[in-house]
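Residue numbers (this note's numbering): 18 to 303.
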DNA sequence: GCCACTGTTAGCAT
DNA sequence: CATGCTAACAGTGG
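What follows is the structure in structure tokens.
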């Protein structure tokens, strides 16, 4: 489930262990992993020093001296791990990068083989569409801009939160948690959201993603950080994966439906489609 | 064994 | 263009 909080955690746990080290060689064990190599291929990595690791959307970027960058997408089951080279790699290891100091090596593991790697020379935002097509970062965008990107959209809000060209880094788990927190029904057309609902959605996005980063992400099956440590945000999920359990706010039973082909968990009572109207009616009757 | 399901998204159909 | 569905892969659980 590497979404924004998981990729952020991976990148943070990678930086201190990689910065300043010089590559000896890279061994590509699964050729299709390397989707493009405008920079000339992985052989050219030998002798290059790591400058740092950063994140954009769900992509992890490793920057090297000389303007080279490795861009990883972990998709569903990808892992970036720092491990002792004496440990034998398993059959899911797709790439190994060794360093001249003989210290821990960087391995990319990916059970389902959906992940990919790009090797780029120059500014990656300028040369790869995988980066330039991404929408704004959800933790950087202002409420005003958030309104602006949702207003013209006809689609269902959940599908839009998952659309990386609209906003980058949110996946299925955090979309459900954000919608639950903001009490917005996942199937609400974006254009139909009230100004208040959009403001709550923006606030919940910041709140959920920030606390998920603090908890080092959600570990449900494969995700661990570069040191092999799981995150703990799964213990704080209030909607995702909780079908049939009690809603922590109102006690109703959490439901599972399919929205845009994705499992969607929500509270049918807290997250109503025409909530604003109902509330007015209730207030009046009081 | 078979079928349904899984965190993502590119690519195709509508 | 926007939106919706499926396949790509491997593993797991019923």
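Glycine residues also receive a C-beta, built at the ideal position from the N, C-alpha and C atoms.
Straight across, the Cα-Cα distance linking residue 234 with residue 93 is about 14 angstroms.
Rounded to the nearest angstrom, the gap between the Cα atoms of residue 231 and residue 85 is 30 angstroms.
DSSP places residue 41 within a strand segment (E or B) once states are collapsed to three.
In the DSSP assignment, residue 69 is bridged to 80.
Residues 152, 166 and 177 of the same chain have their beta carbon placed closer than 7 angstroms to that of residue 183, with the five preceding and five following residues left out of the count. Our two residues, residue 257 and residue 193, have alpha carbons roughly 6 angstroms apart in a direct line. Beta-bridge partners of residue 114 (DSSP): 43 and 123. About 5 angstroms separates the beta carbon of residue 82 from that of residue 65, a gap short enough to meet the 8 angstroms contact definition. Per the Cβ contact rule, the region 24-34 is in contact with the region 66-78 (3 or more Cβ pairs under 8 angstroms). The C-alpha of residue 96 lies about 13 angstroms from the C-alpha of residue 106. Annotation: residue 143 to residue 186 spans about 19 angstroms, alpha carbon to alpha carbon.
Apart from sequence neighbours up to five positions away, the residues of its chain that approach residue 62 with a beta-carbon distance below 6 angstroms are 40 and 43, ordered along the chain. Taking C-beta atoms under 8 angstroms as the contact rule, residue 45 and residue 99 fail to qualify, at a distance of about 18 angstroms. Going by C-alpha positions, residue 168 is about 10 angstroms away from residue 162. DSSP links residue 95 through a beta bridge to 127. Under the three-state reduction of DSSP output, residue 280 falls in the strand class. Residue 116 and residue 36 do not touch by the CB rule: their CB atoms are close to 12 angstroms apart, not below 8 angstroms.
Where residue 163 is concerned, the enclosing alpha helix (DSSP H) starts and stops at 160-167. DSSP, read as helix, strand or coil, puts residue 19 in coil. Residue 228 sits away from residue 181, with the two beta carbons spaced by 9 angstroms or more.
The residues 155 and 156, in chain order, have a CB closer than 8 angstroms to that of residue 223 in the same chain once the five nearest residues on each side in sequence are set aside.
The Cβ atoms of residue 175 and residue 49 do not sit closer than 9 angstroms to each other. Secondary structure of residue 215 (DSSP, three-state): helix. Your pair residue 79 and residue 87 checks out as a contact, with CB atoms roughly 4 angstroms apart and the cut at 8 angstroms. Non-local C-beta neighbours of residue 126 in its own chain, meaning closer than 6 angstroms and more than five positions away in sequence, comprise 96, 109 and 110, ordered along the chain. Contact annotation, residue 251 with residue 236: C-beta distance approximately 6 angstroms; criterion of less than 8 angstroms satisfied.
Annotation for residue 51: the continuous beta strand (DSSP E) segment containing it runs 51-53.
Here residue 141 has 78, 86, 88 and 148 as same chain residues with Cβ atoms under 7 angstroms from its own Cβ, once five neighbours each way along the sequence are excluded. Between the beta-carbon of residue 283 and that of residue 266 there is about 12 angstroms, and that puts the pair past the 8 angstroms contact cut. Going by C-alpha positions, residue 179 is about 37 angstroms away from residue 102.
Here residue 124 is buried, its C-beta having at least 16 other C-beta atoms within 10 Å.
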